[in-house]
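Every letter in the sequence shown is one number past the one before it in our numbering, and letter 99, counting from 1, is 958.
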Amino acid sequence: MPVNFCQFRTFVVYFRPVILNQKGYVNFMISTRAPVSDLFEHLQTFRFREQPQPAATQIDYLQLGDGRYPRFCNEFWTSRQRQASSLHEVSYRACFKPQLPRFFIELFTRPGDTVYDPFSGRGTSIIEAALLGREVIANDVNPLSEILTAGRLCIPEMADLAQRLREIPHQREATADIDLSMFYHPETEAELVSLRDYLQARKAAGQEDALDRWIRMVATNRLTGHSPGFFSVYTLPPNQAVSPERQRKINARRKQTPPYRDTRQLILKKSKQLISRVSAAEKALLAAAAETARFLTEDARFTAMIPDDFVQLTVTSPPFLNVVQYAADNWLRCWFNRIDAQEVGKHITMANTLEDWEAVMGAVFRELFRLTRPGGWVAFEVGEIRNGAVQLDEHIVPLGIQAGFRCAGILINQQQFTKTANIWGVRNNREGTNSNRVVMFYKA
Ligand SMILES: C[S@@+](CC[C@H](N)C(=O)[O-])C[C@H]1O[C@@H](n2cnc3c(N)ncnc32)[C@H](O)[C@@H]1O
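So, in structure tokens, the structure goes:
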């Protein structure tokens, strides 16, 4: 059912609960009594305080049938804003900036509420929610998602990590079961295979602990990349593993052979970097979230293990139309973690047409409506495709409404460097999509 904003605008603005977050910033939380008018007021009067001359929010309306939905455009967050936690510095294709989920977590939840991401990826929403003292549920059909996220909820002591790395048995002559010589020096390969075997043995014996999960997460991130901080010879960035044939060509063109890399030292170095800006209070919040965290590897349409009326906020960005080949990008990460990349690839939504994509997303919204608690929210980030010719927010609004949600509007985050661009068709750097457009729904 469309929301009539003119009617809501005449309502009295109710009391808004205000709480301080860990860093002492005021958290705004939308009231559950007048959610739409509160939100309208908040976004309309929003000023990005960290800018010398904060801009006013520009509002236009999306007319769809009888429904009229406000689109709020402003600089609501930037990548520079309150520098994001160092813990996010793991790469994953099409991930969003931590400031995006943080904005909605602070807006729509309180500490202790449950935050869910059905397309969790590297776990940006989940890590942010945990850092803010929320409970978390992560889902992604790609099992790498849990590996990349769960490992970061329990932050190890560096001394314990160094000790564990020393204890891992090293098989000097070990070679991989596939040819990886175009990526790794033979000694690096032996270290990598030893680590892989150790992690597998621990898991199979039910002995995998937080330190093992951390090591697995960091090693998965260090497998290939374009600097000496990675285990491999120079190749593409770590989330886009190239095929062995392509790597041979890169090696020939660059006249390079894989140099030795000390995998333990690189794991320690990356660990220090990841932990560098995590405070003791944040470590405690992450550990608390880990105790109740749930990780699912389901198709987002079918998550029966999440109870009805359970989640306060879903904040997510779905797979887009055919733009990212998650399985092909991740074949080496899958090998290291003994995951069947082809099998995973079969379950990843790769819609060829807008109609197919809408059919999947419609079913996702029906599932989200079931598991969202009354008064709860969904912040669904989509982009534009085909250079702005298709704006997915216009396609998402009816899907959410058909599932039972009310649409409270669309938020377009406009960063300063794009201010001169057409604000309703603003571009960003994410491959295949051109803007941060977030459709906001609530369950009445
Ligand atoms: C755009 S990415 C999400 C990135 C995430 N926001 C982050 O910051 O890392 C979309 C994710 O959806 C997952 N995915 C694709 N189809 C899915 C499905 N049907 N059910 C659940 N997850 C799916 C992909 O594996 C991918 O990780």
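By construction, the Cβ of each residue, glycine as well, lies at the ideal position given by its N, Cα and C atoms.
Residue of the options minimising C-alpha distance to residue i
i: Arg-1113; options: Leu-1191, Arg-1105, Tyr-1119; result: Arg-1105
i: Pro-977; options: Asp-1068, Asn-1211, Glu-1240, Gly-1084; result: Glu-1240
i: Ser-896; options: Gly-1010, Gly-1268, Val-1297; result: Gly-1268
i: Val-1203; options: Ala-1187, Phe-963, Glu-900; result: Ala-1187
i: Glu-1050; options: Ile-1006, Ala-914, Asp-1121, Pro-1233; result: Asp-1121
i: Arg-1011; options: Ile-986, Met-1164, Arg-1296; result: Ile-986
i: Arg-808; options: Asp-919, Leu-946, Ala-914, Leu-991; result: Since the first residue shown for the chain is 860 and the last is 1303, residue 808 is missing from the structure and cannot be characterised.
i: Asp-1108; options: Thr-1083, Thr-1094, Gln-1099; result: A quick correction: the sequence has Lys, not Asp, at residue 1108. Closest by alpha carbon: Thr-1094.
i: Phe-907; options: Phe-962, Tyr-920, Met-1299; result: Phe-962
i: Phe-955; options: Arg-1061, Val-1174, Tyr-1043; result: Val-1174
i: Gln-922; options: Asn-1272, Lys-1302, Cys-1266; result: Cys-1266
i: Ser-1176; options: Ala-1159, Phe-1169, Ile-1165, Met-1164; result: Ala-1159
i: Thr-1231; options: Leu-902, Gly-926, Asp-972; result: Asp-972
i: Pro-1087; options: Glu-1067, Ala-1303, Leu-1227, Phe-1042; result: Phe-1042
i: Thr-904; options: Arg-927, Gly-926, Glu-934, Gly-924; result: Glu-934
i: Pro-913; options: Val-1297, His-1044, Phe-1300, Gln-1273; result: Gln-1273
i: His-1085; options: Ile-1260, Gln-1201, Pro-1097; result: Pro-1097
i: Arg-1197; options: Ala-1063, Ala-1069, Asp-919, Val-1298; result: Ala-1063
i: Met-1017; options: Pro-1045, Gln-1124, Gln-1184; result: Gln-1124
i: Ile-1271; options: Cys-932, Leu-898, Gly-926; result: Cys-932
i: Pro-1028; options: Ser-1091, Gly-1259, Ala-1238, Leu-1058; result: Leu-1058
i: Thr-1208; options: Glu-1157, Val-1077, Phe-1169, Glu-948; result: Glu-1157
i: Tyr-848; options: Ala-953, Val-949, Gln-942, Phe-899; result: It is not possible to answer for residue 848, since the shown part of the chain is limited to 860 through 1303.
i: Asn-1189; options: Asp-919, Ser-950, Val-1237, Gln-1132; result: Ser-950
i: Ala-989; options: Pro-957, Ala-1210, Arg-1072, Arg-1055; result: Pro-957
i: Arg-1023; options: Phe-1224, Arg-1229, Asp-1252, Glu-1067; result: Glu-1067
i: Thr-1116; options: Leu-1039, Gly-924, Asp-1252, Ile-918; result: Leu-1039
Test item: CB-CB of residue i and residue j under 8 angstroms
i: Ser-984; j: Asp-999; result: no
i: Gln-1030; j: Ser-1004; result: no
i: Thr-1034; j: Tyr-1119; result: no
i: Thr-1162; j: Leu-1155; result: yes
i: Leu-1191; j: Ala-1100; result: yes
i: Thr-1079; j: Ile-1006; result: yes
i: Ile-1014; j: Arg-993; result: no
i: Tyr-1301; j: Gly-1221; result: no
i: Leu-1227; j: Ala-1262; result: yes
i: Ile-1134; j: Ile-1074; result: no
i: Gly-1242; j: Phe-1179; result: yes
i: Val-1256; j: Ala-1148; result: no
i: Val-1077; j: Ser-1130; result: yes
i: Trp-936; j: Leu-966; result: no
Helix, strand or coil at residue i according to DSSP, with G and I counted as helix
i: Asp-1252; result: helix
i: Ile-1198; result: coil
i: Ala-1267; result: strand
i: Ile-918; result: strand
i: Thr-1083; result: coil
i: Asp-976; result: strand
i: Tyr-1301; result: strand
i: Arg-906; result: coil
i: Thr-1231; result: strand
i: Gly-883; result: The predicted position of Gly-883 is uncertain, since its pLDDT is 35 and thus under 50; a value taken from the coordinates is nonetheless stated next. Correct three-state label for Gly-883: coil.
i: Glu-1016; result: coil
i: Ile-1074; result: helix
i: Arg-1113; result: helix
i: Pro-913; result: coil
i: Glu-965; result: helix
i: Ile-996; result: strand
i: Phe-1090; result: coil
i: Val-895; result: helix
i: Tyr-873; result: Caution applies to Tyr-873, whose pLDDT of 31 falls short of 50 and renders its modelled position unreliable; the value that the coordinates give is listed next. Correct three-state label for Tyr-873: coil.
i: Gly-1259; result: helix
i: Trp-936; result: coil
i: Ser-1237; result: First, the amino acid is wrong: residue 1237 is Val here, not Ser. In the structure shown, Val-1237 sits in a strand (DSSP, three-state: E or B).
i: Arg-1286; result: Confidence at Arg-1286 is low in this model, with a pLDDT of 43, below 50, so its placement is unreliable and the value that follows should be read with caution. The answer is coil: DSSP assigns Arg-1286 none of H, G, I, E or B.
i: Phe-955; result: coil
i: Gly-1221; result: helix
i: Pro-1045; result: helix
i: Arg-1025; result: helix
i: Asn-1295; result: strand
i: Gly-926; result: strand
i: Gly-1242; result: coil
Listed by chain order, which residues have C-beta atoms less than 5 angstroms from any heavy atom of ligand 1? Those residues, listed in chain order, are Tyr-951, Ala-953, Cys-954, Phe-955, Phe-978, Gly-980, Arg-981, Thr-983, Asp-999, Val-1000, Asn-1001, Asp-1158, Ala-1159, Ser-1176, Pro-1178, Tyr-1185, Ile-1207, Thr-1208.
Please specify which runs of the alpha helix (DSSP H), each continuous and at least 4 residues long, are wholly inside the region 1134 to 1194, giving them in chain order. Within the region 1134 to 1194, the complete alpha helix (DSSP H) runs of at least 4 residues are 1139 to 1151, 1185 to 1188.
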